[in-house]
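A short worksheet on the structure shown next.
Protein chains: 2
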Amino acid sequence: MSNIRDDLKKAAIFLFTRKGYNGTSVREIVEKAKTTKPCLYYYFKSKEGIYLSILQETLEEFLKILSQNFGEEKLVSNQLKELCFSIYEKFKEKKDILRLIHSIFYGPPKSAPKFNFESFHKVFYETIIEKINIAIENKEFFDGDREAMAFCVMSVFNGVAEMEIAFPKKYDYKKLLDKTLSTLFEGFSRRKK
Amino acid sequence: MSNIRDDLKKAAIFLFTRKGYNGTSVREIVEKAKTTKPCLYYYFKSKEGIYLSILQETLEEFLKILSQNFGEEKLVSNQLKELCFSIYEKFKEKKDILRLIHSIFYGPPKSAPKFNFESFHKVFYETIIEKINIAIENKEFFDGDREAMAFCVMSVFNGVAEMEIAFPKKYDYKKLLDKTLSTLFEGFSRRKK
DNA sequence: TAATATTTATTTACCGGTAGGTAAACTTTT
DNA sequence: AAAAGTTTACCTACCGGTAAATAAATATTA
Chain A
76 MSNIRDDLKK AAIFLFTRKG YNGTSVREIV EKAKTTKPCL YYYFKSKEGI
126 YLSILQETLE EFLKILSQNF GEEKLVSNQL KELCFSIYEK FKEKKDILRL
176 IHSIFYGPPK SAPKFNFESF HKVFYETIIE KINIAIENKE FFDGDREAMA
226 FCVMSVFNGV AEMEIAFPKK YDYKKLLDKT LSTLFEGFSR RKK
Chain B
76 MSNIRDDLKK AAIFLFTRKG YNGTSVREIV EKAKTTKPCL YYYFKSKEGI
126 YLSILQETLE EFLKILSQNF GEEKLVSNQL KELCFSIYEK FKEKKDILRL
176 IHSIFYGPPK SAPKFNFESF HKVFYETIIE KINIAIENKE FFDGDREAMA
226 FCVMSVFNGV AEMEIAFPKK YDYKKLLDKT LSTLFEGFSR RKK
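Quick look at the structure:
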């Protein structure tokens, strides 16, 4: 098994996630991986190549989570919570890479090679809105604007993730996510005027 | 009036916001500003200097908005909307720089010189939570977790801003912000069980 | 006010260091 | 012997930064 390839990837993740794409040099990567430059070019073709391969791998892991089931029988608010918790767990596991992806996705357009992370957002949003439709049909949620409601859920999740990126260890973010979603769903729940 | 200083700043903004800090070279900046390198070093001391001066200026503009008043007499939900709209307008005006700040704030720690944008978040959050306290006292909002409610509002605002950054011109984001806040506040509003 | 001295602004030409990338030789595995 | 993997040594281009000379504006003095 060629572990040079893996060593290169690990080293690249370590450096890209700390110094960004432009802030990391090929020399640093190969040095950390205890190998030489032509090896990196042998396995990944270019600096851009190793970078994109890291991002692609991560994207796929997240899409996999969204394709899972989240207990169709339960209350939608609980399904949505579980969905968010699952993604949150993966997020914590890959926090560094996600910080990198985040800063590229929302960052200056030419600060790094283009990588389309949009598909994750889209699938995430669609998954949420489907569940909200069900909740409104079941009269679990009040009959509000469905897009707006889904947008709230997604934004809250993003908000927690960003907080954890910006201020790690400052709060218990799992708890914050739980609490905030609970409050949001309490607001969405159907009550009489 | 030395307009070389201004030209340098404009050129730097143009390039930093498109290519990031590490992706932009001092040579490019002075070339675009139609001057020479020692001039940049004369006015700003270093690449980091011109960069930080741009960020600092922007931060101050945002803090200024938060120190304004937003109609104490009105419904809190409307005050919060106005607050968000005001910040949103400034955001749109300085969208490029905010994208840059965002990607640095949430990005790899060593991808650019440190700049503390935390103060804006803090003041924004505190402003929101004050208003929510009032709304709950007035029985305009139900008596939920105040931190969670404030977090929802802030997240929704961030969500819209990020959408606009990632997918400019795809939607009417002012409308999205309006609609989403309305739905959120409808959820927060006090109704009988 | 005119000439001079001083400070401020700007340019030319350069520094050592490092960037991404590769040709070509060598070693190991198949 | 052929293929795959790895190394040494090198390429050109560019990086951030600066010394020193010069030009323009301002202050000082006769």
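Residue numbers (the working numbering), protein chains in the order written: chain A, 76 to 268; chain B, 76 to 268.
Note that CB positions come from ideal geometry on N, CA and C, so glycine has one too.
Keep in mind it's a predicted model, so treat the numbers as computed, not measured.
Coarse secondary structure for A/S186, derived from DSSP in three states: coil
Taking the alpha-carbon of B/V105 as reference, which of B/E205, B/K197, B/V228 and B/D81 has the nearest alpha-carbon? B/D81
Buried or exposed (CB count within 10 angstroms, at least 16 for buried), B/Q154: buried
Look at the Cβ atom of B/L259, then the Cβ atom of B/C227, and state whether they are nearer than 8 Å. Annotated as proximal: B/L259 and B/C227, with beta-carbon spacing under 8 Å.
Which of the three DSSP states is assigned to B/S230 in this structure? helix
Would a check of beta-carbon distances place B/D82 closer than 8 Å to chain A? no
Alpha-carbon to alpha-carbon, A/E103 and B/M229: For B/M229 and A/E103, the distance between alpha carbons rounds to 39 Å.
Around the Cβ of A/L256, are there at least 16 other Cβ atoms within 10 angstroms (buried) or fewer (exposed)? buried
How long is the line joining the alpha carbons of B/M76 and B/G182, rounded to whole angstroms? Model confidence at B/M76 stands at a pLDDT of 46, short of 50, so the residue's coordinates are unreliable and nothing is read from them.
Would you kindly report the start and end of the unbroken alpha helix (DSSP H) that includes B/G124? From DSSP, the alpha helix (DSSP H) with B/G124 extends over K122 to L141.
What are the partner residues of B/S264, as DSSP defines its beta bridges? B/F216
Do B/T202 and B/K169 have their CB atoms nearer than 8 Å? no
Can you tell which of B/N191, B/K139, B/G234 and B/G95 has the C-alpha that lies nearest to the C-alpha of A/Y200? B/G234
Which residues, in order along the region 95-117 of chain B, keep a beta-carbon less than 7 Å from a beta-carbon of chain A? G95, N97 and G98
Residue-chain proximity (A/I240, chain B), Cβ-Cβ < 8 Å: True, the Cβ-Cβ gap to chain B drops below 8 Å.
Going straight from the alpha carbon of B/D218 to that of B/I211, what length do you get? 6 Å
Alpha carbon to alpha carbon, how far is A/K109 from A/F91? So the two alpha carbons sit approximately 17 Å from each other.
Going by the beta-carbon positions, is the gap between B/E215 and B/I204 smaller than 8 Å? no
8 Å is my cut-off, CB to CB: does B/K185 come that close to chain A? yes
May I ask you to check if the CB of B/L175 is nearer than 7 Å to at least one heavy atom of the ligand COA? Questions concerning the ligand COA fall outside what the structure shown contains, since it holds no ligand whatsoever.
Could you tell me the distance, in whole angstroms, from the CA atom of B/Y248 to the CA atom of B/L158? 16 Å
Looking only at its own chain, which residues have a Cβ that is under 8 Å from the Cβ of A/I79, when we skip the five neighbours before and after it? A108, T110, C114 and Y118
Check whether the Cβ of A/A223 lies closer than 8 Å to any Cβ atom in chain B. yes
Name the residues in the region 124-150 of chain B whose C-beta lies less than 9 Å from a C-beta of chain A; which are they? Result list empty, no residue passes.
Between B/E215 and chain A, is there a C-beta pair that is closer than 8 Å? Not one chain A Cβ lies under 8 Å of B/E215.
So is B/S178 buried or exposed if we call it buried at 16+ other beta carbons inside 10 Å? buried
I believe A/G95 touches B/N97 by the beta-carbon criterion, under 8 Å. Please report the beta-carbon distance rounded to the nearest angstrom. 6 Å
Backbone secondary structure at A/L150 - three-state DSSP: coil
Which residues of chain B have a Cβ atom closer than 9 Å to the Cβ of A/K254, listed in chain order? D220, E222, A223 and F226
Under 7 Å (Cβ pairs) to chain A, residues found in the region 165-197 of chain B: R174, L175, H177, S178, F180, Y181, G182, P183, P184, K185 and S186
Is B/I113 helix, strand or coil by DSSP? Looking at the sequence itself, residue 113 of chain B is Pro, so the reference to Ile does not match. Correct three-state label for B/P113: helix.
Shorter than 8 Å from the beta carbon of B/L259 to some beta carbon of chain A? yes
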